[in-house]
Amino acid sequence: MSTATQSNLKRWRFAPLDDSSKSPSGDQVKLLGVVFDVDGTLCEPQNYMFKEMRDVLGINKATDILDHISSLPKEEQRAAHEKIEEVERRAMKVQKPQPGLEKLMEYLDKKGIPKAICTRNFDEPVDHLIRKFIPNTKFDHILTRAFHPPKPNPDGILHIAKQWGVPADQVIMVGDSKDDTQAGRNAGAQTVLLVSDANEHLIDHEHTDIYVKRLDDLIPLFETGGKS
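Start counting the sequence shown at 75; every next residue gets the next number (my numbering).
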């Protein structure tokens, strides 16, 4: 059984996947896609990167990294991106998959649920993670920080839902940060927080619908529609 609490499960909006031939009942709707963040979601958190990025850019903790780079003169932005990309390249060499990653991907593939990625990373760490840990998994859409505007703006999730041809309220956004849950909430998607020691304070945040401790904790929720 999932580690999600009963009060937490009251927010689950999707019909069970254990028998897709049945129509959703009551106020439940059919799940039509799942969007994932990358760092801290598909792989274990590498939060030390953010300090290193801010150090190479010469900014403080209160300053958003991507907002800072966007505020620079155009001719300085490429050099700033290269500085933080080098931090990410070093970190990707020691990426570790989140517990339950492969099992969840196999389950979603078996059920035919579309998957996508929406991340503030650049493409190399994302490609590396997929090739190394889930090479048989297909993501229909992969939006990196080349997509503007980035999370917490909801446009990335809305873009993915539009490409799928589905309403965003029949999509789940799975992430580990306030940027993820805020983007998901403002897009109209169901939000799932993957909990770690670093983000437990977000469990009760207004943008968090559901929280789990492992990725494969989602499988019983998908199977049962959040029923215990």
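Backbone N, C-alpha and C fix where the C-beta goes; we use that ideal spot for every residue, glycine too.
In angstroms, rounded to a whole number, what distance separates the CA positions of residue i and residue j?
i: histidine 155; j: cysteine 117; result: 22 Å
i: lysine 236; j: glycine 230; result: 10 Å
i: valine 103; j: lysine 170; result: 34 Å
i: methionine 75; j: arginine 152; result: Its pLDDT being 43, under 50, methionine 75 is placed unreliably by the model, and nothing is read from it.
i: tyrosine 181; j: arginine 163; result: 30 Å
i: glycine 300; j: isoleucine 139; result: 37 Å
i: asparagine 273; j: lysine 184; result: 31 Å
i: glycine 132; j: arginine 194; result: 19 Å
i: alanine 220; j: proline 188; result: 22 Å
i: leucine 267; j: valine 240; result: 22 Å
i: lysine 84; j: glutamate 149; result: 50 Å
i: proline 209; j: isoleucine 216; result: 15 Å
i: alanine 89; j: serine 145; result: 44 Å
i: aspartate 283; j: phenylalanine 296; result: 15 Å
i: alanine 165; j: methionine 123; result: 7 Å
i: tryptophan 86; j: threonine 265; result: 9 Å
i: leucine 105; j: asparagine 121; result: 31 Å
i: threonine 298; j: aspartate 141; result: 41 Å
i: threonine 115; j: cysteine 192; result: 11 Å
i: lysine 206; j: tryptophan 238; result: 26 Å
i: glycine 186; j: alanine 263; result: 19 Å
Within a Cβ cutoff of 7 Å, which residues of the same chain sit near residue i, ignoring the five residues on either side of it in sequence?
i: leucine 232; result: Ala242, Ala261
i: proline 223; result: Asp229
i: proline 126; result: The question names proline, but residue 126 is glutamate in the sequence shown. Hits under 7 Å: Val161.
i: histidine 279; result: Lys252, Thr255
Run the CB neighbour count on residue i, radius 10 Å, all protein chains shown included, and call it buried at 16 or more, exposed below.
i: tyrosine 285; result: buried
i: serine 251; result: buried
i: isoleucine 143; result: buried
i: proline 147; result: exposed
i: aspartate 92; result: exposed
i: isoleucine 293; result: buried
i: valine 168; result: exposed
i: isoleucine 234; result: buried
Looking only at its own chain, which residues have a Cβ that is under 6 Å from the Cβ of residue i, when we skip the five neighbours before and after it?
i: valine 269; result: Tyr285, Lys287
i: leucine 289; result: Gln172, Gly174, Leu175, Leu178
i: valine 130; result: Lys157
i: proline 226; result: Asp253, Gln256, Ala257
i: glutamate 198; result: none
i: proline 228; result: Ala257, Asn260, Ala261
Please report the Cβ distance between residue i and residue j, rounded to the nearest whole angstrom; I am assuming they are in contact, meaning their Cβ atoms lie under 8 Å.
i: aspartate 111; j: aspartate 201; result: With 8 Å as the limit, aspartate 111 and aspartate 201 do not qualify as a contact, their Cβ atoms being about 16 Å apart.
i: phenylalanine 196; j: threonine 218; result: 5 Å
i: histidine 281; j: arginine 259; result: 4 Å
i: valine 248; j: alanine 190; result: About 11 Å separates the two Cβ atoms, so there is no contact after all.
i: glycine 107; j: valine 245; result: 5 Å
Can you list, in chain order, the residues of its chain whose CB lies under 8 Å from that of residue i, leaving out five sequence neighbours each side?
i: threonine 137; result: Arg128
i: isoleucine 204; result: Thr211, Phe213
i: proline 119; result: Asp113, Asp250, Ser270, Ala272
i: glutamate 159; result: Phe196, Glu198
i: asparagine 134; result: Arg128
Ignoring anything shorter than 3 residues or poking outside the segment 201-238, list the beta strand (DSSP E) runs there in chain order.
Those beta strand (DSSP E) runs which fall completely within the segment 201-238 and span 3+ residues are 215-217.
Unbroken stretches of the alpha helix (DSSP H), 4 residues or longer, contained in the segment 149-193:
As far as the segment 149-193 is concerned, its whole alpha helix (DSSP H) runs of at least 4 residues are 175-185.
Ignoring anything shorter than 3 residues or poking outside the segment 249-299, list the beta strand (DSSP E) runs there in chain order.
Taken in chain order, the unbroken stretches of beta strand (DSSP E) that lie wholly in the segment 249-299 and span 3 residues or more are 264-268, 284-286.
Those runs of the alpha helix (DSSP H) which lie wholly inside the segment 115-153 and span at least 4 residues:
The DSSP assignment places 122-131, 139-145 as complete runs of the alpha helix (DSSP H) inside the segment 115-153, in order along the chain (cut-off: 4 residues).
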